[in-house]
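Encoded as structure tokens, the structure appears first; notes follow it.
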Amino acid sequence: MLGDHLLDVILIVLIVLFAVSGYRQGFIVGLLSFVGFVGGGVLGVLIAPPLVTWVVEGEAQQALLAIVIAFLAATFGQLIASSAGAVLRNRVTGDSARALDAAGGAVVSVLSLMLVAWFIGVVLLDQSPIRALSRQVHSSAVLRGVDQAMPLAADRWAESFDKFVGGTDFPKVFNGLGGEPLVDVGPPDKSVESSPALLNARRSIAKIVGTAPDCATEPRQRRIEGTGFVFAPERLMTNAHVVAGTEGSLSIQVGSREFEGRVVLYDPSRDVAIIHVPGLRAKALKWDTEAERGDAAVVAGFPKNRPYTVRAAKISSRQKAKGPDIYRSSQVTREIYSLRGTVEPGNSGGPLLTEEGAVFGVIFAAAMSDQDTGYALTADEVMPDATAGRDATRPADTHECAD
Numbered sequence: 000m001l002g003d004h005l006l007d008v009i010l011i012v013l014i015v016l017f018a019v020s021g022y023r024q025g026f027i028v029g030l031l032s033f034v035g036f037v038g039g040g041v042l043g044v045l046i047a048p049p050l051v052t053w054v055v056e057g058e059a060q061q062a063l064l065a066i067v068i069a070f071l072a073a074t075f076g077q078l079i080a081s082s083a084g085a086v087l088r089n090r091v092t093g094d095s096a097r098a099l100d101a102a103g104g105a106v107v108s109v110l111s112l113m114l115v116a117w118f119i120g121v122v123l124l125d126q127s128p129i130r131a132l133s134r135q136v137h138s139s140a141v142l143r144g145v146d147q148a149m150p151l152a153a154d155r156w157a158e159s160f161d162k163f164v165g166g167t168d169f170p171k172v173f174n175g176l177g178g179e180p181l182v183d184v185g186p187p188d189k190s191v192e193s194s195p196a197l198l199n200a201r202r203s204i205a206k207i208v209g210t211a212p213d214c215a216t217e218p219r220q221r222r223i224e225g226t227g228f229v230f231a232p233e234r235l236m237t238n239a240h241v242v243a244g245t246e247g248s249l250s251i252q253v254g255s256r257e258f259e260g261r262v263v264l265y266d267p268s269r270d271v272a273i274i275h276v277p278g279l280r281a282k283a284l285k286w287d288t289e290a291e292r293g294d295a296a297v298v299a300g301f302p303k304n305r306p307y308t309v310r311a312a313k314i315s316s317r318q319k320a321k322g323p324d325i326y327r328s329s330q331v332t333r334e335i336y337s338l339r340g341t342v343e344p345g346n347s348g349g350p351l352l353t354e355e356g357a358v359f360g361v362i363f364a365a366a367m368s369d370q371d372t373g374y375a376l377t378a379d380e381v382m383p384d385a386t387a388g389r390d391a392t393r394p395a396d397t398h399e400c401a402d
């Protein structure tokens, strides 16, 4: 349907218009305009964070003002550079030189359009409150073609701006415009939430509470909360971003009982942590590595500090996700499940369960543009850490906070 590809239609029309406009203004003006726009945009991205935090207080207002500053800086840079380009173009003489300049102008104009559209798409994909707009960006064949051609440096530049304007409790899953387009597998079957096997699994799922002294912006310690599950005797698995920056013992709450635990394995690249909990006798959950598209699943944990909650989900796809680690400092590739279901802060580190109470994977993120889409590391992906951490006892360094 045309509605599903409306953004691509608009972009194609813009490509034609920009090509004609670029042909008329020429290569010199087009190139300098492009350089001025990008240079101004980079300057805007650099000055926006400290400036907006000084001017306004609310996060939403800061994000909006940061976008406006970056756009105005880019426009101002383009205006100055294009004026200089017009002066230089007047010095181009000869029919052949002018024809070459015109053709080059069309190419540069289209390339500049694609770069700006891609950058805006990256920001809108995570930050737009309009779900339909985010879906258009995610499914755009034109933008995905541009995304594949973008160098890693461009991803990091967009990432630095996206990180500032879009605070989130989850790590970023993908570079650029993300992974495979979302597959509609239909709504989850709510009846799986009452599966008898899930009652047994509940005894092996824990709430994790701790403090991260250096993570708070105020003069107090930040309380961290998440979910974990027993995968080996006295060992819990959770996400690295749940325990990042914590010091000392963690409070491990299983049912009505409370234990102390310490992180003994910390993998910020994969986003996995292992906690040793002496005295914990809960049964280890089994792994299931055979999830397929459409399979019923359950997200289990303690969302937003609420009591233990299970929510029906459905496997959407299994894919290799290329994206940043939890510190957004290096690039990693992780095997993940995308799933149809609700994932909230607090679910991080919890198991993605089968109807029989086995573990498909580890919940670690949610799509910012779609409240019904979450992500889990597959059982195969976390198995190396499970093997390395099942007998570990020495405390591991949890590094700094993962913002």
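Residue 0 is where the sequence shown starts when you use numbering that gives the first Met the number 0, and the numbers rise one by one after that.
Don't be surprised by glycine CBs; every beta carbon is placed ideally from N, CA and C.
C-beta atoms of residue 25 and residue 100 nearer than 8 angstroms: A Cβ-Cβ contact shorter than 8 angstroms links residue 25 with residue 100.
Cα-Cα separation, residue 247 to residue 276: Each residue's CA atom was taken as its position, placing residue 247 and residue 276 some 13 angstroms apart.
Residue 188 CB to nearest heavy atom of the ligand COA below 7 angstroms: Inclusion of the ligand COA in the displayed structure is not the case, the ligand content being empty and no account of it being possible.
Closest Cα partner of residue 113 within the set 75, 74, 33 and 172: When the alpha-carbon of residue 113 is set against those of 75, 74, 33 and 172, the nearest one is in 33.
Nearest to residue 348 (by Cα), restricted to the options 294, 42, 385 and 236: Selected option, being the one with the closest Cα: 236.
Every unbroken beta strand (DSSP E) within the stretch 312-361, with a cutoff of 3 residues, ordered by chain: The stretch 312-361 contains, as complete beta strand (DSSP E) runs of 3+ residues, the segments 330-339 and 350-352 (chain order).
Residue interval of the beta strand (DSSP E) (run including residue 250): Segment 249-253, the beta strand (DSSP E) holding residue 250.
Beta carbon of residue 356 nearer than 8 angstroms to that of residue 313: Result no, Cβ atoms of residue 356 and residue 313 do not sit closer than 8 angstroms.
Under 8 angstroms between C-beta atoms of residue 286 and residue 229: Pairing residue 286 with residue 229 gives a Cβ-Cβ distance that is not under 8 angstroms.
Paired residues, beta bridge with residue 136 - DSSP: DSSP output for residue 136 lists no bridge partner at all.
Residues near residue 42 by beta carbon distance below 8 angstroms, same chain, minus five either side: The answer, listed in chain order, is 72 and 76.
Validate contact between the stretch 134-145 and the stretch 4-14 using beta carbons, cut 8 angstroms, 3 pairs: Touching, per the Cβ criterion.
Range covered by the beta strand (DSSP E) that runs through residue 265: It spans 256-266 - the beta strand (DSSP E) in which residue 265 sits, taken as one unbroken run.
Spatial neighbours of residue 258 in its chain, beta-carbon cut-off 7 angstroms, leaving aside the 5 residues before and after: Here residue 258 has 251, 276, 278 and 279 as same chain residues with Cβ atoms under 7 angstroms from its own Cβ, once five neighbours each way along the sequence are excluded.
Ranges of the beta strand (DSSP E) found wholly within the stretch 188-252, counting only runs of at least 3: Taking 3 residues as the minimum length, the beta strand (DSSP E) runs contained wholly in the stretch 188-252 are 204-211, 221-231 and 234-237, in order along the chain.
Touch test, the stretch 192-200 against the stretch 298-312, Cβ-Cβ under 8 angstroms, three pairs minimum: Result yes; three or more Cβ-Cβ pairs closer than 8 angstroms.
Classification of residue 373 by the beta-carbon crowding that lies within 10 angstroms, buried from 16 upward: By the 10 Å Cβ count, residue 373 comes out buried.
Selected residue, minimal CA-CA separation from residue 172, among 363, 37 and 288: Among 363, 37 and 288, the Cα nearest to that of residue 172 is on 363.
Cβ contact check for the stretch 287-301 and the stretch 258-271: 3 or more pairs under 8 angstroms: No, because fewer than three Cβ pairs between the stretch 287-301 and the stretch 258-271 fall closer than 8 angstroms, the two stretches do not touch.
Beta-carbon proximity check, residue 84 vs residue 27, cutoff 8 angstroms: Yes, the pair counts as a contact, with Cβ atoms nearer than the cut-off.
Among 301, 78 and 35, the one whose alpha carbon lies nearest that of residue 350: For residue 350, the nearest C-alpha among the options comes from 301.
Among 384, 391, 225 and 94, nearest to residue 346 - alpha-carbon criterion: Comparing Cα positions, the closest option is 225.
Residue from 29, 264, 212 and 383 whose Cα sits closest to the Cα of residue 104: Comparing Cα-Cα distances from residue 104 to each of 29, 264, 212 and 383, the minimum goes to 29.
Span separating the alpha-carbon of residue 223 from that of residue 265: Taking the CA atoms as reference points, residue 223 sits about 16 angstroms from residue 265.
Distance CB(residue 320)-CB(residue 305) smaller than 8 angstroms: In this structure, residue 305 does not lie closer than 8 angstroms to residue 320 by Cβ.
For residue 374: DSSP bridge partner residues: Note: residue 374 sits in a beta bridge opposite 337 and 364.
Three-state class that DSSP yields for residue 310 in the structure shown: In the three-state reduction of the DSSP assignment, residue 310 falls in the strand class, which pools E and B.
Residue 12, enclosing alpha helix (DSSP H) - first and last residue: For residue 12, the uninterrupted alpha helix (DSSP H) segment begins and ends at 5-24.
Span separating the alpha-carbon of residue 218 from that of residue 245: Caution applies to residue 218, whose pLDDT of 47 falls short of 50 and renders its modelled position unreliable; the value that the coordinates give is listed next. When the Cα atoms are used, residue 218 and residue 245 turn out to be separated by approximately 16 angstroms.
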